[in-house]
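Colleague: Input: one structure, supplied below.
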Amino acid sequence: MTTYTRAQIEAIACLNDPLQIIACAGSGKTQVISQRVAAILKQPGVHPRNVVAFTFTEKAAAELKERIYSVLETEGVSTQGIAEMYIGTMHGYTLDLLQRLVPETFKFSALTDITGRLFIDRNSRRSGLTECPTSSAGTPRLRRFLHSKLYMQVTSILREDTVDEELVPDGVLKAHWDYMGLLYEHRYFDFTEMINLAVQLLEGDPAEDAEAALVQRHIRDDIRYVVVDEYQDVNPLQERLIRGLVQFSANLCVVGDDDQTIYQWRGSEVNNIVTFEDRYPGVRQVTLDDNFRSSKGIVEVGRSIAELIPPGARLPKAMAASGHQTFERGDLLALDFVDPDAEAAWICDRIQAMRGVAFTDDPTGIRRGLSWSDFAVLFRSVARDAGPLVDEMRRRDIPYVIKGLNRLFDSPEIQAIVGIFRYIVAEIDGLMLHTLFDDASLVPDGGNWAAAMEVLDKGRDFDRGERWGVYNIQRLYLEFLEALTLREDTIPGDPARAELVFYQLGKFSQAISDFEAIYFNTDPPQKYRAFTDWLAFQAPDYYADADADVGYAAPDAVVISTVHQAKGMQWPAVFVPCLRNNRFPAKRQGGLGLFHVIPDSAIASPDRYRGTIEDETRLFYVAVTRAQKYLFASYSPVPGNRLYGRRSAFFDHCARQAWFLTRDPGAPASSLAPHAKREVPNVTLSFSELKYLFECPYQFKLRFLYGFNPPLHEALGYGKGLHDALAEAHKRALDGEVLPAAAAEELVDRHLHAPYAYPELKSALRSAAIKAVGRYLDDHAADLERTVHSEKQIQVHVAPGVTVDGRIDLVRRLDTDELAIVDFKSTARAQDEDVTRDQLHVYAVGYQELTGERADLIEVLNLDEDGKTIREKVEDPLLTAVRGRIKDAGASLRNNDLPRLPVWSEQCGKCDLAELCREIPESAKTARRAGTEAS
Numbered sequence: 056m057t058t059y060t061r062a063q064i065e066a067i068a069c070l071n072d073p074l075q076i077i078a079c080a081g082s083g084k085t086q087v088i089s090q091r092v093a094a095i096l097k098q099p100g101v102h103p104r105n106v107v108a109f110t111f112t113e114k115a116a117a118e119l120k121e122r123i124y125s126v127l128e129t130e131g132v133s134t135q136g137i138a139e140m141y142i143g144t145m146h147g148y149t150l151d152l153l154q155r156l157v158p159e160t161f162k163f164s165a166l167t168d169i170t171g172r173l174f175i176d177r178n179s180r181r182s183g184l185t186e187c188p189t190s191s192a193g194t195p196r197l198r199r200f201l202h203s204k205l206y207m208q209v210t211s212i213l214r215e216d217t218v219d220e221e222l223v224p225d226g227v228l229k230a231h232w233d234y235m236g237l238l239y240e241h242r243y244f245d246f247t248e249m250i251n252l253a254v255q256l257l258e259g260d261p262a263e264d265a266e267a268a269l270v271q272r273h274i275r276d277d278i279r280y281v282v283v284d285e286y287q288d289v290n291p292l293q294e295r296l297i298r299g300l301v302q303f304s305a306n307l308c309v310v311g312d313d314d315q316t317i318y319q320w321r322g323s324e325v326n327n328i329v330t331f332e333d334r335y336p337g338v339r340q341v342t343l344d345d346n347f348r349s350s351k352g353i354v355e356v357g358r359s360i361a362e363l364i365p366p367g368a369r370l371p372k373a374m375a376a377s378g379h380q381t382f383e384r385g386d387l388l389a390l391d392f393v394d395p396d397a398e399a400a401w402i403c404d405r406i407q408a409m410r411g412v413a414f415t416d417d418p419t420g421i422r423r424g425l426s427w428s429d430f431a432v433l434f435r436s437v438a439r440d441a442g443p444l445v446d447e448m449r450r451r452d453i454p455y456v457i458k459g460l461n462r463l464f465d466s467p468e469i470q471a472i473v474g475i476f477r478y479i480v481a482e483i484d485g486l487m488l489h490t491l492f493d494d495a496s497l498v499p500d501g502g503n504w505a506a507a508m509e510v511l512d513k514g515r516d517f518d519r520g521e522r523w524g525v526y527n528i529q530r531l532y533l534e535f536l537e538a539l540t541l542r543e544d545t546i547p548g549d550p551a552r553a554e555l556v557f558y559q560l561g562k563f564s565q566a567i568s569d570f571e572a573i574y575f576n577t578d579p580p581q582k583y584r585a586f587t588d589w590l591a592f593q594a595p596d597y598y599a600d601a602d603a604d605v606g607y608a609a610p611d612a613v614v615i616s617t618v619h620q621a622k623g624m625q626w627p628a629v630f631v632p633c634l635r636n637n638r639f640p641a642k643r644q645g646g647l648g649l650f651h652v653i654p655d656s657a658i659a660s661p662d663r664y665r666g667t668i669e670d671e672t673r674l675f676y677v678a679v680t681r682a683q684k685y686l687f688a689s690y691s692p693v694p695g696n697r698l699y700g701r702r703s704a705f706f707d708h709c710a711r712q713a714w715f716l717t718r719d720p721g722a723p724a725s726s727l728a729p730h731a732k733r734e735v736p737n738v739t740l741s742f743s744e745l746k747y748l749f750e751c752p753y754q755f756k757l758r759f760l761y762g763f764n765p766p767l768h769e770a771l772g773y774g775k776g777l778h779d780a781l782a783e784a785h786k787r788a789l790d791g792e793v794l795p796a797a798a799a800e801e802l803v804d805r806h807l808h809a810p811y812a813y814p815e816l817k818s819a820l821r822s823a824a825i826k827a828v829g830r831y832l833d834d835h836a837a838d839l840e841r842t843v844h845s846e847k848q849i850q851v852h853v854a855p856g857v858t859v860d861g862r863i864d865l866v867r868r869l870d871t872d873e874l875a876i877v878d879f880k881s882t883a884r885a886q887d888e889d890v891t892r893d894q895l896h897v898y899a900v901g902y903q904e905l906t907g908e909r910a911d912l913i914e915v916l917n918l919d920e921d922g923k924t925i926r927e928k929v930e931d932p933l934l935t936a937v938r939g940r941i942k943d944a945g946a947s948l949r950n951n952d953l954p955r956l957p958v959w960s961e962q963c964g965k966c967d968l969a970e971l972c973r974e975i976p977e978s979a980k981t982a983r984r985a986g987t988e989a990s
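If you're matching positions, the sequence shown starts at 56 in my numbering and goes up one per residue.
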């Protein structure tokens, strides 16, 4: 049973007043939020669907979901209906809200920061980028590639912030509206527009706007509790979203720490949390200031840093070390070095010396030896400062990972992979490419280099007369790896290196997917030329500040990260190097900036976009408080660079604190064998992803642990379009409107979006979809009235840390009064009957956990003219077996036991990633190539 402090108990018990929880670093806020949600659900008449909980990242959402489930189970509270409680990001919530209630948005897909920038650069004129004026005489208009990141910021601020448009130049507003028109023309949402459209519907007049009325009715009837974590990082548009959700008297709880406001440069407004008490009546404020993560030395240093922020700009709070970590003299060091190379060498020395040092993760007192992954090096900028350390780690063969895709393109392995595409566009010859692969140690023993080169030579033969979709970059990448026999088990070196290399190759696969998502339909020579140039000139900058990691893999390796990316993380030992004046705290950037496009007078609180010393102080506070026991701050001047030649004020502040030593007394003695703390991340899988675990655990590993993506298919979107058209028909049936077959064309035109299809295929898909939907509406006219649920959210808790969730296409009651779970299939979505049977029994498990009601039948309705329909009873033995399989799959994932299938099978032939798994039989190669050319 968890023991809570007095402040934590007060926060948990406050269920009816607006609640502001000020949660200092390491204060156990996730457990408090989880316990409070459990207390909410214990109340009579409160259902999980009445609760919305926002987190800043999907990773934090997965952890919160798991913690809530654990608390409910421990306290014997029913988890029935838990699938309908939203826990996730604001972007995810608003996208889900729109695509459940607003049919016009069903076909929209989401742009990431990376694909959004690619979209703007590819359409530089039509997006308004190169038409956008500036006040700089030297740059009268923004330029392609160079200013696309700035332009993304401009278009976001015009929707997210409080802006006086009367003060914004007309040319800027026109460019912005050009971008918005292009976005909707291509059926895209960027992250801002998801929230912006939802806010418009929440604030709209329900008497004049039917969609606003529908959304507001849902909020009024269903939402009773709203929880917002990381509230300090909310921007003005997100604050409007929160107000919209609580406008019908829902209870609001915000959780955050003003000292950890680190995204003001993205528009977050620290005043939201500082003035919360003044803006909402009757607020109860509770401060959680016990730090259970770090030693007293680290907590006291963190407090001293936070108190550098002027009192009027922060909420007062005490901070106390309340955990089991002890402070010992020498745990905290502030050291200066003659140059960056010496600093990097010392960091590597210390990491190597500390492997095996005894460490206790929790109050049980069980000790283990520190391993590589227990060390983190946090930079203000990895792109600018991490080079000497990365080089030194490579020289010493110290395993490391760089969070996100930052500096991905600097590694020898990825430089070799980039060489593939340099060869395709004739920048280098085959001999140079072979040298790159040799230097990166990427040629397997017995690897067939000649076969690999044949793949490339065929790939760059752009005169084959085949349609553009055949020249698929991702497919070429996978086929080259296959021909070279470059697999996890053939990579030269030990298994640890193989894991790290595959982790890198998976990241590169994601970069390909990002590019092809925007450039798929491009003349092949131009596409490969653009991709190669992008890799050389734009991609490193695109990914320099990307927060997201690819895949779930967590190798036993030193973590190199920006401080921003480290938010919410912790490590036993943390290094914060390069504490130079003008670097950390960072100097305001010169050159063309935001206020050359939007005058600062037009924006409320414009200083937060410039960056202030208070912002940098908060960021340094975050860096320091990631450490559990050991903290090493260091400085070295950049030779010959006066700008970065002096110590940072942050370094001097650390050196003045009594907790630090300024001379190295030597590393603590190592006494145990290194033993990495292997934590399987809290993982939320879709039912489709669970299918991969069922079919082949290694395929799952390639996709979701390493991050490899399959090639894009030209017909992508057809199955979803059918699915969405029928979803609208069923939802309208629930409202009493049964659509005739004649409505098929209108439904298909509203929902079918196949962005990668060539014109003839697009026309054929539309015709096939109209026939399929019309046939369904005609054949099942009587059944529509018996719709019970459409797109019903369900969830199965597989094992600790592993949850599967998704939506059932249709739940309907037959004329026999039996309850049937229905899944729609088409040729585009076809799969083996056994897999479908298992999948539908998983749905049956999820439906029972959601409603307490047991389904009688499972049905597969194939929408093709000659498609086979399946209808079977839900069988208790199979239901029990499926529960067992789900449990076994969860255990395999937690134990990282994800083996290949023992021999080549029919399933292998259908796998998009088989090339990365094993040698493919010649007969199967022929069949796969035929399928590729036909698709």
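Don't be surprised by glycine CBs; every beta carbon is placed ideally from N, CA and C. As the structure is a computational prediction, the values presented were derived from the model and not from experiment.
Here's the rule I'm using: 16 or more other beta-carbon atoms within 10 Å means buried, otherwise exposed. How should MET487 be labelled?
Modeller: exposed
Colleague: Taking the beta strand (DSSP E) that TRP626 falls in, what are its first and last residues?
Modeller: 626-631
Colleague: Is there contact between the segment 386-403 and the segment 592-600, where contact requires at least three CB pairs shorter than 8 Å?
Modeller: no
Colleague: Is the segment 470-477 in contact with the segment 624-641, if contact means three or more CB pairs nearer than 8 Å?
Modeller: no
Colleague: Checking 8 Å against the spacing of the C-beta atoms, do ALA594 and VAL456 come in under that value?
Modeller: When the beta-carbon positions are compared, ALA594 and VAL456 stay at least 8 Å from each other.
Colleague: Taking 8 Å as the limit between beta carbons, can you name the residues of its chain near LYS942, skipping five residues before and five after?
Modeller: VAL853 and ALA854
Colleague: Using a 10 Å radius around the Cβ and a threshold of 16 neighbouring Cβ atoms, would you call PHE563 buried or exposed?
Modeller: buried
Colleague: Alpha carbon to alpha carbon, what distance is there between ASP440 and TYR690?
Modeller: 12 Å
Colleague: Going by DSSP, name the residue or residues bridged to CYS308.
Modeller: In the DSSP output, where bridge partners are listed per residue, CYS308 has LEU74 and VAL282.
Colleague: Going by beta carbon distance, what residues of the same chain come within less than 6 Å of ILE123, once the five residues before and after it are set aside?
Modeller: SER89 and VAL92
Colleague: With burial defined as no fewer than 16 other Cβ atoms inside 10 Å of the residue's Cβ, what is the status of PHE592: buried or exposed?
Modeller: exposed
Colleague: Does the beta-carbon distance from GLY411 to SER725 come in below 8 Å?
Modeller: Taking 8 Å as the Cβ cut-off, GLY411 and SER725 qualify as a contacting pair.
Colleague: Tell me, please, which residues DSSP counts as bridged to THR247.
Modeller: The partner list for THR247 (beta bridge, DSSP) is empty, contrary to what the question assumes.
Colleague: State buried or exposed for ARG643, treating a residue as buried only when at least 16 other CB atoms are found within 10 Å of its CB.
Modeller: exposed
Colleague: With a cut-off of 8 Å on the beta carbons, I'd call HIS778 and PHE706 a contact; round off their distance for me.
Modeller: Not really, about 57 Å apart at Cβ, beyond 8 Å.
Colleague: Are the CB atoms of PHE557 and TYR761 nearer to each other than 8 Å?
Modeller: yes
Colleague: Determine the direct distance from the alpha carbon of VAL393 to that of PRO694, and round the result to whole angstroms.
Modeller: Approximately 9 Å between the Cα atoms of the pair.
Colleague: Would you list the one or two residues that DSSP bridges to HIS852?
Modeller: Beta-bridge pairing links HIS852 to THR858.
Colleague: Please list the terminal residues of the continuous beta strand (DSSP E) segment that includes LYS684.
Modeller: Boundaries of the beta strand (DSSP E) around LYS684: 682-690.
Colleague: Based on DSSP bridge pairs, tell me the residues matched to ARG196.
Modeller: PRO188
Colleague: When we look at the beta-carbon of ALA883 and count the other beta-carbons within 10 Å, is it buried (16 or more) or exposed?
Modeller: The pLDDT assigned to ALA883 is 47, lower than 50, so where the model puts this residue is not dependable; a value taken from the coordinates is nonetheless given after this. That one is buried.
Colleague: Restricting to runs no shorter than 4 residues, where is the alpha helix (DSSP H) found entirely within the segment 399-457?
Modeller: 437-440 and 442-451
Colleague: Classify ARG884 as helix, strand or coil using the three-state DSSP reduction.
Modeller: In this predicted model, ARG884 has a pLDDT of only 47, less than 50, meaning its place in the structure is not dependable; the value taken from the coordinates is given anyway. Three-state DSSP puts ARG884 in a helix.
Colleague: Taking 8 Å as the threshold (C-beta atoms), are VAL851 and GLY901 in contact?
Modeller: yes
Colleague: Taking the alpha helix (DSSP H) that ASP804 falls in, what are its first and last residues?
Modeller: 799-806
Colleague: Is it the case that the Cβ atoms of GLN848 and GLU121 are separated by a distance below 8 Å?
Modeller: no
Colleague: Heavy atom of the ligand ADP less than 7 Å from the Cβ of GLU263, yes or no?
Modeller: The ligand ADP is absent from the structure shown, which contains no ligand whatsoever.
Colleague: Between ILE573, ASP578 and SER466, which has its C-alpha nearest ARG519's C-alpha?
Modeller: ASP578
Colleague: If you pair each beta-carbon of the segment 198-211 with each one of the segment 225-241, do three or more pairs fall below 8 Å?
Modeller: yes
Colleague: Bridge partners of HIS844, per DSSP?
Modeller: VAL866
Colleague: Exposed or buried, what is LEU74 when buried is set at 16 or more other beta-carbons lying within 10 Å of its beta-carbon?
Modeller: buried
Colleague: Taking the alpha carbon of CYS966 as the reference point, which residue from PRO752, GLY299 and LEU781 has its own alpha carbon closest?
Modeller: PRO752
Colleague: Where DSSP assigns a beta bridge to ASN637, which residues make up the other side?
Modeller: ALA641
Colleague: Just the Cα atoms here: how many angstroms apart are ARG155 and GLN271?
Modeller: 13 Å
Colleague: Among the residues of its own chain, which have a CB less than 7 Å from the CB of LEU698, if the five just before and after it don't count?
Modeller: Once the five neighbours on either side are set aside, the close Cβ partners of LEU698 are ASN637.
Colleague: Can you name the residues that DSSP bridges to LYS746?
Modeller: Bridge partners of LYS746: none, in fact.
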